[in-house]
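**Q**
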Amino acid sequence: RATPTRVIQHPSASETINYDVKAFGSSLPVKVMEALKKADANDQLSVQVDESGWAWLVHKERLIIWKIGQSPVAKLSLCKELQLPPSDFQWSSSLAAISCLSSSGEAPSLQSLAIMVATSEGSVRYWPNLAHEGSYTETSTDFGGSLCSFLTAVKGGSFILSSSRGQLVRLIPDSSGKIHQHALPQGQGMFSGIGRKVSSLLGILSPGHDAVISSVLWDKERSSFYMLTSSNLNKWEIDDSSERYILSWDINRILKEHITDAIWGSESNYEDIKGGVNVQYMDLQQNRDGLVILAAAWHPGDHPCLVYYTLITVEDKGYQMSDDVVVEVTQYNPSFQSEEEVLCCLVVPDYFSHAAYLYKEDEVFACSTGTGRISLPQEKIIFGIQGDSILGAGSCTGLPIFFTKKSGLITILSRENISVLPEDLEDSLSSSVAGPRSESPAFDTTSRLEIVAQEDKTKLLKAAFLQYCRKEIVNAQSMVVELFPSNTDLDSDAELDRAVTQISVDLMDDYPASDPRWAESVPEEAAGFSNTSLILLHQLEDKTKAHSFFIEFLQQVGIFERLGSFPVRGMQMATRLLLCEHAEKLAAAIVLKNHHSRLPDLVNAAILIALNKRECDVPPSLTPADVFFREVSQIDSIFECLLEEEEQILKDMPIESVEWAQIVVNVNNIIKDMLQAACQYRQSRAASYKTGELPEREPEYIPWTASSSLRAAIMHQHGIILKMVYPQVDSNLRSIVAEQLVALLDCFLDGYVSQLKSVDRPADQERYSNLEMEYVQKRSELLSPLLSLGQYQMAAALAEKYCDFDILVQMCEQTDNQARLQRYMSQFADQNFSDFLFRWYLEKGKRGKLLSQPIAQHGQLASFLQAHEHLSWLHEINSQDLQKAHRTLQTLANTETRYFAKKKTLLGLSKLAALASDFSEDILQEKIEEISEQERFLLHQETLPEQLLAEKQLNLNDMPVLSASQLIDMYICDENRRANEYDFKKALDLLEYIDEEEEVDVNDLKLKILCKALQRDGWSSSDGKDDPIEASKDSIFVKILQKLLKEGVRLSEYLPEVKDLLQANELGNLKYNAYFEFVLKANYELYVQGQ
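Our numbering applies: residue 3 is where the sequence shown begins, and numbers increase by one.
1. Could you tell me the distance, in whole angstroms, from the CA atom of Val349 to the CA atom of Asn20?
2. Where are the beta strand (DSSP E) runs, 3 residues long or more, that stay fully inside the region 18–97, in chain order?
3. Are Gln678 and Cys582 touching if we call contact CB-CB under 8 angstroms?
4. Figure out for me which residue from Leu84, Gln92, Ile117, Leu112 has the closest Cα to the Cα of Ala98.
5. From the DSSP secondary-structure annotation, give me the bridge partner or partners of Asn289.
6. Going by beta carbon distance, what residues of the same chain come within less than 8 angstroms of Pro88, once the five residues before and after it are set aside?
7. Given a cut-off of 8 angstroms on the beta-carbon distance, is the pair Phe1 and Ser480 in contact?
8. Just how far apart, CA to CA, sit Val669 and Pro626?
9. By Cβ distance below 6 angstroms, which residues in the same chain neighbour Val171 in space, the five residues on each side in sequence not counted?
10. May I ask you to list the residues that DSSP assigns as paired with Ile384?
11. Given a threshold of 16 other Cβ atoms within 10 Å of its Cβ, counted over all protein chains shown, does Gly372 qualify as buried or as exposed?
12. Below 7 angstroms CB to CB, which residues in the same chain sit around Tyr283 once its five sequence neighbours on both sides are set aside?
13. Taking Cβ positions, are Ala591 and Val634 nearer each other than 8 angstroms?
14. List the DSSP bridge partners of Asn234.
15. Is the distance from the Cβ of Leu810 to the Cβ of Glu802 below 8 angstroms?
16. Using C-beta distances below 6 angstroms, list every residue in its chain close to Glu1001, excluding the 5 sequence neighbours before and after it, in chain order.
17. Give the range of the alpha helix (DSSP H) segment to which His301 is assigned.
18. Between the alpha carbons of Trp266 and Asp352, how many angstroms are there, rounded?
19. Kindly give me the distance between the Cβ atoms of Lys595 and Leu539, rounded to whole angstroms, as I take these residues to be in contact under 8 angstroms.
20. Check whether the region 757–769 touches the region 816–835, taking contact to mean three or more Cβ pairs, one atom from each stretch, closer than 8 angstroms.
21. Got a sec, what are the start and stop residues for the beta strand (DSSP E) Phe152 sits in?
22. Closer than 8 angstroms by C-beta to Ser488: which residues in its own chain qualify, once you throw out the five before and the five after it? Chain order, please.
23. Taking DSSP as the reference, what is the three-state secondary structure of Trp129?
24. So, helix, strand or coil for Ile651, using DSSP?
25. In angstroms with no decimal places, state the Cα-to-Cα distance between Glu741 and Glu776.
26. Tell me the rounded alpha-carbon separation between Gly530 and Gly572.
27. Check the DSSP bridge columns for Cys347 and list the partner residues they point to.
28. In whole angstroms, give me the CA-to-CA distance for Leu536 and Gln188.
29. Which term fits Glu647, buried or exposed, when burial requires 16 or more other beta carbons within 10 angstroms of its beta carbon?
30. In three-state DSSP terms, what is Phe354?
31. Which residues mark the beginning and the end of the beta strand (DSSP E) in which Leu170 is found?
32. Pick helix, strand or coil for Trp1021, following the three-state DSSP scheme.
33. Which whole-angstrom value is the C-beta distance of Ile403 and Ser397, which I expect to be below 8 angstroms?
34. In angstroms, rounded to a whole number, what distance separates the CA positions of Gln795 and Ser686?
35. Can you give me the start and stop residues for the alpha helix (DSSP H) that Leu791 sits inside?
36. How far does the alpha helix (DSSP H) with Ala981 in it extend, from its first residue to its last?
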């Protein structure tokens, strides 16, 4: 942010001691100059300066808006004049507001700017695009006699219009420009109704008492809208199209006493004064410390009666205001003239600084909010001497901007740019970077830079940081550009990571050199940051503040985006996340320090163990805590030391003593609070540590709160709590340690989630899978014991957060809570909880539960059972979908090969389902025929001879389904000793079931069957029968022929040629038996040729 340099020469402002009054940006647009020139002395002019870099002037019924900026070159094109709606009252710049619709990367232009204006009576005009000033839409609001006071741009291009009596209406333009309006919700009892006509139209409520609106404030970061009235501070949370009323803070009751006490508290007659003090609340702004309220207080009984202007800072805690209120009574205390004269406005230009400017029409009073450790000089700057006057104010690029009638836009700057760092941190930082070669940190020895060693680069980056803290932003920027040019190679980027990490560690581990007790203990090569506070807590807070400025510096000068990675704990970590880790450790250190105050014995004992492990000496002038808390980077070493101390006390103390369990509660609290502070910082500040474009592959991220030693510590504590303490203590202590355990496990599992997210990308799939397996196993190990102890609420809280479905299902089963299971099915629908539950039932053999799901789950159950057809038919019958059940059963039967009995049953069930379904007669007939055909085939297996099955050690109930060729082999095998013509005929019948896929030649198989049949008889001529027909009439072969004839089979086509039969190898010795050949040919002649 460049500092404006044109000091105003003519004596517009009074002589100033500590501040310069300078022109801001380029000269005013011609239209603005003309309007100022034309205005009569009595004309009311008002100006608003918006922090987005636009200003507007309202003169009579005209509004002129133009772009402002620090560049001395005017952008003439960015100025427009607009016609305001007619009004019987004065027009005001506070009833105009702009909404910038461009995305953050684009330069603001007229096209991206929408503007809305209102009159005191409530006529509203809206230009959706400032480039087309002729195109606008209109509407009106009716506040029932109250006049409009403020128009504020809020979320999503919408606006809030406030009346003088605190009624609020939200105006939301749609894409066509039409404006929709509704009243903001109000607190119960805070407002009562007004005119019927109005309340029925809009539902607007107004204060029941005489509250008068003083100021409104829109906090973009938190999407919060505040309204300050003469008695309350009210807050709403604003969404894109709706609002929630959050709180009403009674400032009269709460602040009046604070203010009165700060001004008159030391007076002897304070009790008498107290009742007669008047307080007026006039303006509302904010900075990083909270909301800043400007109030004026006077006591009419004082002589002289002075008006004391006071700045009150209070932090908004979300749903309540903090109890800590900082009251800064400024040195601005003019004589009381009249209540009108008391009115004053406030500018707090920079969110990160404590500077504040109070202004009236003819003077500005520069001061600070009193929340910083260094106060800025207080000074009154008078503009009224030469007849000049202030028409409006605001801030831009962190500077206070005032619009004066004679000089246009001006800014007020402190002559000495006071650094934002604490004073002697600033001093020692300066001394650490002032090298012998350079008087000033600003340098131009480019050639020298090429050979600057890494240590010097760190020192020079530190110098640039120092410049930044002094608001010498241009110098800081140019130093950084020279040190680390953006077009360089990877080596210099590695140097950048090293320098940035080094400075961050130096800030974190700074020696408090200004603390006299440390004077002899600061090493010569100490990094050169020092710290003012004798109190450890303040030292840690100062380090935190300095570290946050350092992050801000890296972002502002453009090097944060370029950070890569740096080695830590034996592996690479993204530097941006390492910087965040340092800030997290500072947050954890502050928590530990607070516990140190409450539990000195325990924490000191752990600190001594830690220092002994590090072989760290404690100088006589210091305490172990001084030494330990100085080195914040090692703060995590306290965890295992706390566990060692705990273990020792558990051994030494009798179990029945109060201290025995209390030590575990205390250790839990310390670890839990430290980890939660770190995780909370990480989550709440994640956006601050993100770069615009995250590189494709950042290293795997293991937060320090998830390091192997810390994970081991939590696992250890898990064991101590559940195995040692829990069984011994009463129910009250049990619930305390269980709650603590849940918080510890939350941090443990959260660390895994962060780690998993960092490797959730295609290139790291294998690493992700292995890590996920480890995570799931650890999660189950840690949560299962909670179930066995009956701590269902605690187990549920963690299992729900970390999606441990196994724990959730077990819990619901153990407590028989079906309603909860149904809730989880809805809650985790997108993560397939239902499938998990159904699979769990299957694996545990709980099929009854699986199939008795409520109707609401039938759809999901059906889709799950598609992959489990052996059960889905039961669900289909249950759901009365009998056709589908028939198809499923038929498919199951067709694919069943393992169990013959099961296949037969499935076919039977399939037939029953078809008969019970509503198939049409034709289709049903077809389906029954198809099933009967399969049953006929199965009959061949069912009627295998019992003797054969016994011989083969087979049982129909558990034997597999045999194919046609396997069945043929069974029927004709030698083990089927009692085989007769029926068996061989069955074998021949089975030939029609041979599939083409079986790759079997049916004719070869037929030949084999016939040969096996022929071999069953003797065929010897020794019995003396000369007639071959007579001799063979009882043979199995002839009986088969007779059966075939009876069935009308054409034997000449069915049987092989007699010569082929006689040459078949399967005949064995019969091939060479002349008598057999004679008999066979005779039979062929009789039966085949005689047919």
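Note that beta-carbon positions come from the ideal geometry of N, C-alpha and C, so glycine has one too. None of these values were measured; they are calculated from a predicted model.
**A** According to the data block:
1. 18 angstroms
2. 21–25, 47–52, 56–61, 64–69, 81–85
3. Not a contact, by the Cβ cut-off of 8 angstroms.
4. From the listed residues Leu84, Gln92, Ile117, Leu112, the smallest Cα separation to Ala98 is found for Ile117.
5. Answer is Gly292.
6. Glu63, Thr121, Ser125
7. Nothing about residue 1 can be read from this structure; the chain reaches only from 3 to 1093.
8. 19 angstroms
9. Thr143, Leu163, Gln183, Ala185
10. Glu365
11. buried
12. For Tyr283, same chain residues with a beta-carbon under 7 angstroms away, outside a window of 5 residues either side, are Ser216, Leu230, Ser232, Ile253, Ile295, Ala297 in chain order.
13. Yes. Within cutoff.
14. Paired residue(s): Asp252.
15. yes
16. none
17. Here His301 belongs to no alpha helix (DSSP H), and DSSP marks it neither H nor E.
18. Spanning the two alpha carbons is a distance of roughly 31 angstroms.
19. 5 angstroms
20. no
21. Element bounds for Phe152: 150–155.
22. Gly560, Arg564
23. strand
24. helix
25. 25 angstroms
26. Caution is warranted here: a pLDDT of 47 is assigned to Gly530, below 50, making its placement in the model unreliable, and the coordinate value is therefore given only provisionally. Distance between the alpha carbons of Gly530 and Gly572: 28 angstroms.
27. Tyr361
28. For Leu536, the pLDDT reaches just 35, beneath the cut-off of 50, and the residue's location in the model is therefore unreliable, leaving the point undetermined.
29. So Glu647 ends up on the buried side.
30. In the structure shown, Phe354 sits in coil (DSSP, three-state: anything other than H, G, I, E or B).
31. 170–175
32. The three-state reading of DSSP puts Trp1021 in coil, since its state is none of H, G, I, E or B.
33. About 6 angstroms separates the two Cβ atoms, so the contact holds.
34. 27 angstroms
35. First-last for Leu791: undefined, no H or E at that position.
36. Looking at the DSSP string, Ala981 is not in any alpha helix (DSSP H), and its letter there is neither H nor E.
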